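First residue of the sequence shown? That's 15 in our numbering, and the numbers climb one at a time after it.
Note that beta-carbon positions come from the ideal geometry of N, C-alpha and C, so glycine has one too.
Given the structure is predicted, the values throughout are model-derived calculations rather than measurements.
In what follows, a structure is listed as structure tokens, so that the remarks can point back to it.
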Amino acid sequence: MDGTSRLYKVIVSERAADMLIRHVRFLAQVSPEAADKLRSEIIDASKSLQSLPERHLEFSDPLLPANKYRKMIISRQYLLVYQVKDETVHIDYILDCRQDYQWLL
């Protein structure tokens, strides 16, 4: 198998899964249709990391270890934070960019 067709295993942490549930539940209070759309977009984005997870920018901050995390923006306001280790993508956080996520740092 060449480098362009390699597939990575994607693992969603329990914390990230809980974050997804909270975001969808919150949105469902306003619009169940929008909540379902968001859930689908985040799941599809997560699955897309099976190929070329390095295509997204590094999530860099002076308080984070260098070159550890990458970020993917979803629906212009959600941030999927993940790391690539060998043949595996670990999704650690799903953040709402409108909220303060300095606690992560």
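Contacting residues, own chain, Cβ-Cβ under 8 Å from residue i (five flanking each side not counted)
i: leucine 71; result: Arg84 and Lys85
i: glutamate 101; result: Arg20, Tyr22 and Lys23
Close Cβ partners of residue i (< 7 Å) along its chain, the five nearest in sequence each way excluded
i: methionine 15; result: Because the pLDDT at methionine 15 is just 45, under 50, the model does not fix this residue reliably, and the value given afterwards should be weighed accordingly. Same-chain partners within the cutoff: there are none.
Residue i: CB within 7 Å of a non-hydrogen atom of the ligand GTP
i: serine 89; result: The ligand GTP is absent from the structure shown, which contains no ligands of any kind.
Where residue i falls, given that 16 or more other Cβ within 10 Å makes a residue buried
i: phenylalanine 40; result: exposed
i: serine 65; result: exposed
i: serine 60; result: buried
i: leucine 63; result: buried
i: arginine 29; result: exposed
i: leucine 34; result: buried
i: valine 103; result: buried
i: aspartate 32; result: exposed
i: glutamate 44; result: Per the sequence shown, residue 44 should be read as valine rather than glutamate. It is exposed - the Cβ of valine 44 has fewer than 16 other Cβ atoms within 10 Å.
Residues that residue i bridges to, as DSSP identifies them
i: methionine 86; result: Leu94
i: isoleucine 25; result: His104
i: glutamate 72; result: Arg84
i: leucine 109; result: Leu93
Opening and closing residue of the alpha helix (DSSP H) in which residue i lies
i: proline 46; result: 46-62
Beta-carbon proximity list for residue i, same chain, < 6 Å, skipping 5 on both sides
i: valine 26; result: Ile105
i: tyrosine 107; result: Ala30 and Val95
i: lysine 99; result: none
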